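Chemist:
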Amino acid sequence: MSAVSTDSAGATASQETGDDDAGSRIGAPLRLMAVHAHPDDESSKGAATMARYAREGVDVLVVTLTGGERGDILNKAMERPEIRADLAAVRRAEMARAREILGVRQRFLGFTDSGLPEGDPLPPLPDGCFALQPLEIAARPLVRAVREFRPQVILGYDENGGYPHPDHVKCHEVTIEAFEAAGDPDRYPDCGEPWQPAKLYYFATFHKARLMALHEEMQRRGLKSPYEDWLKEWIDDPDKPGPEITTQVPCAEFFDLRDQALLAHATQIDPESSWFAVPRDVQQAAWPTEDFHLARSVVDTEKPEDDLFAGVRDSVSSASGRSG
Ligand SMILES: [Zn+2]
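Read the sequence shown against this note's numbering and you will find it ends at 809, with the numbers running on by one and no gaps.
(1) Could you give the distance in angstroms between the alpha-carbon of Gln-637 and the alpha-carbon of Asp-525?
(2) Check this for me: beta carbons of Leu-594 and Thr-752, under 8 Å apart or not?
(3) Are the CB atoms of Ala-667 and Pro-679 within a distance shorter than 8 Å?
(4) Could I get the ranges of all uninterrupted alpha helix (DSSP H) runs contained in the region 614-664, with 4 residues as the minimum, in chain order?
(5) Under 7 Å from any heavy atom of ligand 1, does the C-beta of Asp-652 make it?
(6) Counting by C-beta, which residues lie closer than 5 Å to a heavy atom of ligand 1, in chain order?
(7) Pull up the distance between the alpha-carbon of Asp-799 and that of Ser-782, whole angstroms please.
(8) Taking a contact to mean a Cβ-Cβ separation below 8 Å, would you say Leu-627 touches Val-548 in this structure?
(9) Using only the alpha-carbon positions, how far apart do Gln-733 and Arg-632 sit?
(10) Whole-angstrom Cβ separation of Ile-586 and Gln-769, contact assumed at under 8 Å?
(11) Between Thr-732 and chain C, is there a C-beta pair that is closer than 8 Å?
(12) Between the alpha carbons of Phe-794 and Leu-620, how many angstroms are there, rounded?
(13) Decide yes or no for the touch test of the region 535-546 against the region 680-690: beta carbon pairs closer than 8 Å, at least 3 of them.
(14) So what's Ser-599 in DSSP terms, helix, strand or just coil?
(15) What is the DSSP secondary structure of Pro-606, counted as helix, strand or coil?
(16) Am I right that Cys-656 and Val-520 are in contact with their C-beta atoms under 8 Å? What's the rounded C-beta distance?
(17) With DSSP collapsed to three states, give me the class of Leu-515.
(18) Using the C-alpha atoms, what's the distance from Gln-704 back to Thr-597?
(19) Using the C-alpha atoms, what's the distance from Ala-630 back to Arg-807?
(20) So for Lys-725, helix, strand or coil by DSSP?
(21) Please classify Asp-643 as buried or exposed, where buried requires at least 16 other C-beta atoms within 10 Å of its C-beta.
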């Protein structure tokens, strides 16, 4: 396995941290992989969906491309020298806690956070960071992870990264590359046995219809909506309409776990922040789903969907039936 150490800059490729009850689902027939750029991204996008599927017996694996070592400390209460001293280790511990709460497995793929460049002109990205890696180097550990884990469904970011961070845009590129290459025996031949995932989705979290619904429900209850200015300034760009929502997964009863997982990322998430400005019961009433865009599928499925495994379940159960 010497190839592992050459995967990426300073990477130890497969640092899986997942010896909790998720162990009982290892080898489950349905497998869901969520591809994220930084620790905490898994808790802000699709977290309640993962918690729901995990509790239904699906084997859920989060892969995190970078260690998040260039993230700022965004919670004043955590601005302490001992935390600054080894932010990477703190963020790994936060990730382990969030993973436990969600009931999923998680693996770091070993790249270095690119940081969010700010200023005009933008400063260059730091040497060796994830966003600067050539595509084949950047996608390699993910291709290997897909071939090892063999997910039917992969969740990832759209072409805008969902958020204009260079690591998120890169994350989109490697997810597409892995979806397309993992099943092809001629590509990445030293990265394991080919495996073709059936479906690839993009997260559709902060879309206008959802924000409007939350905003209106807050107003209806006489509460102050945190989205007033955001919605006022929202520009509907016909060239960038945002991904069409094809799939809505009901998961309101898991919003509580999602919030707990977010809070576990204590350096990144301020409990006083806008993440928690809309009470949970308002969210559950106004928008009880998490939403996705089906970007690729090699199986037939009817849209709109309410299940990420639509079109997959039948073939999986008949296949396991055949093998006894
Ligand atoms: Zn991120």
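Beta carbons: idealized from backbone N, C-alpha and C, even for Gly.
Quick caveat, the model's predicted, so the values are computed rather than measured.
Modeler: Per the coordinate set shown:
(1) Translated into positions along the sequence shown, residue 637 becomes position 152. Translated into positions along the sequence shown, residue 525 becomes position 40. C-alpha separation (whole angstroms): 24 Å.
(2) Looking up residue 594 in the sequence shown gives position 109. Looking up residue 752 in the sequence shown gives position 267. Cβ atoms of Leu-594 and Thr-752: not closer than 8 Å.
(3) Residue mapping note: residue 679 aligns to position 194 of the sequence shown, counting from 1. Residue mapping note: residue 667 aligns to position 182 of the sequence shown, counting from 1. Closer than 8 Å, so yes.
(4) 620-634
(5) Along the sequence shown, one-based indexing puts residue 652 at 167. Yes.
(6) Ala-522, His-523, Asp-526
(7) As a first step, residue 799 is located in the sequence shown; it is residue number 314 there, counting from the start. As a first step, residue 782 is located in the sequence shown; it is residue number 297 there, counting from the start. Distance from the CA atom of Asp-799 to the CA atom of Ser-782, rounded to whole angstroms, is 15 Å.
(8) The residue labelled residue 627 in the question sits at position 142 within the sequence shown. The residue labelled residue 548 in the question sits at position 63 within the sequence shown. Going by C-beta atoms, Leu-627 is nearer than 8 Å to Val-548.
(9) Position 248 of the sequence shown, counted from the start, is the residue given in the question as residue 733. Position 147 of the sequence shown, counted from the start, is the residue given in the question as residue 632. Approximately 27 Å between the Cα atoms of the pair.
(10) Within the sequence shown, numbered from 1, the residue matching residue 586 stands at position 101. Within the sequence shown, numbered from 1, the residue matching residue 769 stands at position 284. Their Cβ separation, rounded to whole angstroms, is 18 Å, which puts Ile-586 and Gln-769 out of contact at 8 Å.
(11) The structure shown contains no chain C, having only a single protein chain.
(12) Position 309 of the sequence shown, counted from the start, is the residue given in the question as residue 794. Position 135 of the sequence shown, counted from the start, is the residue given in the question as residue 620. Distance between the alpha carbons of Phe-794 and Leu-620: 29 Å.
(13) no
(14) As a first step, residue 599 is located in the sequence shown; it is residue number 114 there, counting from the start. Coil.
(15) Counting from one through the sequence shown, the residue named residue 606 turns up at place 121. Coil at Pro-606, not helix or strand.
(16) Residue numbering aside, residue 656 sits at position 171 when the sequence shown is read from its first letter. Residue numbering aside, residue 520 sits at position 35 when the sequence shown is read from its first letter. Sure, about 6 Å apart at Cβ, within 8 Å.
(17) As a working note, residue 515 is residue 30 in the sequence shown. In the structure shown, Leu-515 sits in coil (DSSP, three-state: anything other than H, G, I, E or B).
(18) The residue labelled residue 597 in the question sits at position 112 within the sequence shown. The residue labelled residue 704 in the question sits at position 219 within the sequence shown. The straight-line gap from Cα to Cα measures roughly 43 Å.
(19) Residue numbering aside, residue 807 sits at position 322 when the sequence shown is read from its first letter. Residue numbering aside, residue 630 sits at position 145 when the sequence shown is read from its first letter. With a pLDDT of 49 at Arg-807, under the threshold of 50, the modelled position of that residue is not reliable, and the figure given next carries that caveat. The alpha-carbon atoms of Arg-807 and Ala-630 are separated by roughly 27 Å.
(20) Along the sequence shown, read from residue 1 onward, the residue named residue 725 stands at position 240. Reduced to three states, the DSSP call for Lys-725 is coil.
(21) Numbered from its first residue, the sequence shown carries residue 643 at position 158. By the neighbour-count rule (16 or more Cβ atoms within 10 Å), Asp-643 is buried.
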